[in-house]
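For reference, the structure discussed in these notes is given below.
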Amino acid sequence: MRGFLVFLGLLLMAGGGAVAGAQYANLDLSTLDAVAGAKAFLLSSNALYAGGGAAAFGLLLIVIAAVTGGKKRAKPTKAVAMKQATKSETPLSSDSLFDPEPTPPPLAPETPRTVVRQVEKPPQASSAPKAVVAASDQPPWSQPAAAPSVKPTASSQPPDGYDPLVASRSDPRLLNRKRVTDLVSINDALKAYHAKHGAYPKAEGLLGAAERGEVWIPGLAPEFIPQLPQDPSGVSGQSGAQYVYASDGRNYKLLAQGVSLIGGTNVEVLGVRIDPTRRPTAENASFGFWTPEFASA
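Converting from the sequence shown to our numbering requires adding 15 to each position, the first position being numbered 1.
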């Protein structure tokens, strides 16, 4: 097969080279006039491409035949050949075909084993009764553990009899948290009023619901706040503290006055400030919002 590929490759190279060389060699091509178009084909550029392609394909066949020719099987070495030659095989004769098979050697007899069994003694009845030890006389680690006590579980509902107003009176921090929330809501409503009208609601004097009634800031509710809140101490029946407001239209002051700061309540959050002009103490202070021009109002 390899020889055939080499022969075909040489043939293609020779034929392709001749066809391609006809473009450059001065040859007499008059003998090809009998074949229609043969002379014109050899003189065209297509003959050059066809001849070159055939020669290249023939060269490729030769390369393939050279690469895939295979290797000769290696001869066995002398050591392997001598080992195979020296193997002795036992020849079979007509007499050995009917020889009886060799009998295996007899097995050694097993040595009998003697099993000694011990006689179990019956349990003896105890003549003297055991002394009963009281639980209190036993060591602590041997005494039974006490039953776990039932712990009360938490509930989302307040206990029976709980009154938030009474709880707020005993803890002023709850009142101050409510005051801060109310003042922030009122201050936001004042900013919305000023954004719409260009001025704050006018009110002379720092007065609150005790002097002006429920509408203690005119024009603010219900458009900018649903309802004007009042100090939680007045709602719960206590007296003294209340929300107050004063404004000339351009500036304002909003305070929760007369409140207690006992308990370390931090009320200066969300823009709320303690009024320093009223000499604040832990039992009597005022905090809220104001513009700089109305700081001393």
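For each residue, glycine too, the CB sits at the ideal point set by N, CA and C. Note that the structure is a prediction, hence the values are computed from the model and not measured.
| Item | Value |
| --- | --- |
| Nonlocal neighbours in the same chain, by C-beta distance under 6 Å from Lys268, ignoring five residues either side | Ala261, Trp305, Phe309, Ala312 |
| Spatial neighbours of Gly278 in its chain, beta-carbon cut-off 6 Å, leaving aside the 5 residues before and after | Pro187, Arg188 |
| According to DSSP, residues forming a beta bridge with Ile289 | Phe302 |
| Cutoff 6 Å; reference Val282; Cβ partners in own chain excluding five residues on either side | Asn191, Val195, Phe302 |
| Beta-carbon contacts of Pro244 that lie in its chain and below 6 Å, excluding the five residues immediately before and after | Asp197 |
| Host beta strand (DSSP E) of Ala218 (start-end) | 218-223 |
| Counterpart residues of Ala271 in DSSP-defined beta bridges | Tyr258, Phe302 |
| Straight-line gap, Glu125 to Met97 (C-alpha atoms, nearest Å) | 49 Å |
| Close Cβ partners of Glu28 (< 7 Å) along its chain, the five nearest in sequence each way excluded | Looking at the sequence itself, residue 28 is Met, so the reference to Glu does not match. Here the set comprises Ala70, Gly73, Leu74. |
| Residues of its chain near Ala256, where Cβ-Cβ distance is below 6 Å and the 5 sequence neighbours each way are ignored | Asp246, Ser248, Gly273, Val274 |
| Phe239 burial status per 10 Å Cβ neighbour count (16 or more: buried) | buried |
| Leu285 and Val230 closer than 7 Å at C-beta | no |
| For Leu205, the first and last residue of its enclosing alpha helix (DSSP H) | 187-212 |
| Chain-order list of residues whose beta-carbon lies under 7 Å from that of Val21 (same chain, five-residue window excluded) | Ile77, Ala80 |
| Buried/exposed call for Ala297, threshold 16 Cβ in 10 Å | exposed |
| Proximity below 7 Å, CB of Gly228 to CB of Pro216 | no |
| Minimum C-alpha distance to Lys206 - residue among Ala62, Asn266, Ile289, Glu226 | Asn266 |
| Pair within 7 Å by beta-carbon distance, Val34 and Gly66 | yes |
| Exposed unless 16 or more other CB atoms sit within 10 angstroms - verdict on Ala210 | exposed |
| Burial state of Leu122 (16 or more Cβ within 10 Å) | exposed |
| Three-state secondary structure (DSSP) of Asn266 | coil |
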